[in-house]
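S.K.: Under the UniProt record's numbering, the first residue of the sequence shown carries the number 430, and numbering increases by one thereafter.
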Amino acid sequence: RQQAFAAIRHLPAVTLDGVEVTLMVNAGLLIDVPQIEAQGAAGIGLYRTEITFMVAESFPDVARQRDVYKRAMDASNGKPVTFRTLDIGSDKVLSYWQREPEENPAMGWRAIRISLDRPALLRQQLRALILGAEGRPLSIMFPMVAEAWEFDEARSLLKLELDRASQAGQQLPSEIKVGAMIEVPSLYFQLDTLLDRLDFVSVGSNDLKQFLYAADRGNPRLADRYDNLAPAMVKLLGMIAAACNAQGKSLSLCGEMAGDPIAAMALLCLGFRQLSMAPTSIGPVRAMIRSLDLGRLLSYWAELQARPVSDLRSRLLVFARDHGV
Ligand code: PEP
Ligand code: MG
430 RQQAFAAIRH LPAVTLDGVE VTLMVNAGLL IDVPQIEAQG AAGIGLYRTE ITFMVAESFP
490 DVARQRDVYK RAMDASNGKP VTFRTLDIGS DKVLSYWQRE PEENPAMGWR AIRISLDRPA
550 LLRQQLRALI LGAEGRPLSI MFPMVAEAWE FDEARSLLKL ELDRASQAGQ QLPSEIKVGA
610 MIEVPSLYFQ LDTLLDRLDF VSVGSNDLKQ FLYAADRGNP RLADRYDNLA PAMVKLLGMI
670 AAACNAQGKS LSLCGEMAGD PIAAMALLCL GFRQLSMAPT SIGPVRAMIR SLDLGRLLSY
730 WAELQARPVS DLRSRLLVFA RDHGV
């Protein structure tokens with residue numbers, strides 16, 4: 430199968446009935462960037478910048494960060510890279526930063542919450558990203574946004590850094606896209622007012638599921654308990670996609686779910702057209718897309734929706750088998 434995937438890696442991710450899907454890779458280290466080419470991906474949909482911080486021995490300064498971001502953009506050969514700002518806390522620990530223990534770290538002081546409470550940290554990162562872009566397009570997204578004001582505040586820090594760069598006579602990115610990750614269900618309920626203010630939305634389905642079901646994503650006892658295709662998750666994903674698509678807002682999904690071909694079938698039905706995943710998942714998902722008649726699947730999907738089923742995954746598996754997907 431690996432050989433079969435390699436053979437199609439430069440063929441477009443288009444369904445039999447002509448629906449194009451953008452496949453991107455998730456990355457965290459510079460060695461991941463060549464996976465764009467290796468997998469024939471459209472770019473990096475999620476660059477986890479905290480990995481650089483996690484493998485360092487102390488906080489990387491602006492120069493060090495700039496170097497990493499610049500090299501990531503250099504190595505992507507002009508393909509887009511979406512940098513996710515620091516998502517530390519919870520399971521992502523920095524050995525050199527002693528912090529108060531927390532009872533519930535996943536729901537604790539983490540990600541954008543730290544970035545807004547320690548604005549110098551975020552501003553340094555944004556400065557390094559602006560410098561690293563060297564006049565190229567720059568795409569940035571903020572993790573774990575739970576309230577619209579958190580996005581606004583992070584964006585205003587970006588504006589401060591852009592003003593600073595232009596006052597210093599530095600070259601600005603040719604274009605800047607700023608997005609929010611939807612990983613906390615509360616953000617869905619603010620999309621009506623927030624969508625106007627952001628350039629794109631990326632669903633972090635790992636955390637979204639964790640917080641929708643109140644189920645620790647790292648607890649092996651819970652690993653198989655709630656499926657990504659369980660009714661509430663599918664419903665929420667559908668509502669997010671509908672809200673974004675109604676406003677023509679760029680939407681992607683970058684959690685593990687995107688790399689599961691059966692789940693990806695459901696995401697296509699819900700209106701997702703951009704998926705970002707672990708590099709090794711690109712082949713299987715591309716193969717699924719290229720053998721799928723989405724129109725036909727949508728008819729089947731509509732039947733399933735008319736009488737909602739609890740075993741969506743097995744129904745989709747049956748469809749895939751019956752139709753040679
Ligand atoms: C997610 O939560 O789905 C996500 C993509 O972010 P991470 O896995 O890094 O928390
Ligand atoms: Mg996450």
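Note that beta-carbon positions come from the ideal geometry of N, C-alpha and C, so glycine has one too. It should be emphasised that the depicted structure is a prediction, and the values quoted were computed from it without experimental measurement.
By how many angstroms is the C-alpha of Ala693 removed from the C-alpha of Ala749?
M.R.: Cα to Cα, the separation comes out at about 12 Å.
S.K.: State the DSSP-derived secondary structure class of Leu665, mapped to helix, strand or coil.
M.R.: Here Leu665 sits in helix by DSSP.
S.K.: For Gly518, which residues in the same chain have their Cβ closer than 7 Å to its Cβ, ignoring the five residues on either side in sequence?
M.R.: Pro534, Gly537, Trp538, Arg539, Ala540, Ile543, listed in sequence order.
S.K.: Just how far apart, CA to CA, sit Ala442 and Phe512?
M.R.: Answer to the nearest angstrom: the Cα atoms are 23 Å apart.
S.K.: Give me the Cβ distance between Arg551 and Phe629, rounded to the nearest whole Å; I'm assuming they're in contact under 8 Å.
M.R.: Reading the sequence as shown, one finds Leu at residue 551 and not Arg. Incorrect: roughly 19 Å between the Cβ atoms, too far for contact.
S.K.: Since Ser705 is in the beta strand (DSSP E), which residue starts that stretch and which ends it?
M.R.: Start and end: 703-706.
S.K.: Can you determine whether any heavy atom of ligand 2 sits closer than 8 Å to the C-beta of Pro572, and answer yes or no?
M.R.: Under cutoff, so the answer is yes.
S.K.: Can Leu475 be considered in contact with ligand 1, in the sense that its beta carbon sits closer than 8 Å to one or more heavy atoms?
M.R.: Within the cutoff, so yes.
S.K.: Cβ of Met610 within 8 Å of any heavy atom in ligand 1?
M.R.: Met610 Cβ: within cutoff of ligand 1.
S.K.: Under 9 Å between the Cβ atoms of Val491 and Leu586?
M.R.: No, the pair does not count as a contact, with Cβ atoms beyond the cut-off.
S.K.: Using 8 Å for Cβ pairs, my map puts Asn455 next to Ala707. What's the rounded Cβ distance?
M.R.: That pair is a contact at about 6 Å.
S.K.: Leaving out five residues before and five after Phe523 in sequence, what residues of the same chain have Cβ atoms less than 7 Å from its Cβ?
M.R.: Looking at the sequence itself, residue 523 is Leu, so the reference to Phe does not match. Answer for Leu523: Phe482, Met483, Ile517, listed in chain order.
S.K.: Quick one: is Ala435 buried, meaning 16 or more other Cβ sit within 10 Å of its Cβ, or exposed?
M.R.: Exposed, by the Cβ-count rule.
S.K.: Looking only at C-alpha atoms, which of Gln554, Ala609, Leu745 sits nearest to Gly474?
M.R.: Comparing Cα-Cα distances from Gly474 to each of Gln554, Ala609, Leu745, the minimum goes to Ala609.
S.K.: Short of 7 Å in beta carbon distance, which residues of its chain neighbour Leu627, apart from the five on each side in sequence? Order them along the chain.
M.R.: Within the same chain, Leu627 has close Cβ partners Phe580, Val607, Gly608, Ala609.
S.K.: Taking 8 Å as the cut-off, is the beta-carbon of Gly633 closer than that to any non-hydrogen atom of ligand 2?
M.R.: Correct: Gly633 has its Cβ closer than 8 Å to ligand 2.
S.K.: For a test of the three-state rule: what should DSSP assign to Ala652, helix, strand or coil?
M.R.: Note: Ala652 maps to coil in three-state DSSP.
S.K.: Just to confirm the assignment, what range does the beta strand (DSSP E) spanning Phe629 have?
M.R.: 629-632 is the extent of the beta strand (DSSP E) around Phe629.
S.K.: Could you tell me the alpha carbon to alpha carbon distance between Leu658 and Met570, rounded to whole angstroms?
M.R.: Spanning the two alpha carbons is a distance of roughly 26 Å.
S.K.: With a threshold of 8 Å on Cβ separation, who are the neighbours of Asp520 within its own chain once the five nearest residues in sequence on each side are excluded?
M.R.: Excluding residues within five positions, the ones whose Cβ falls inside 8 Å are Pro534, Ala535, Gly647.
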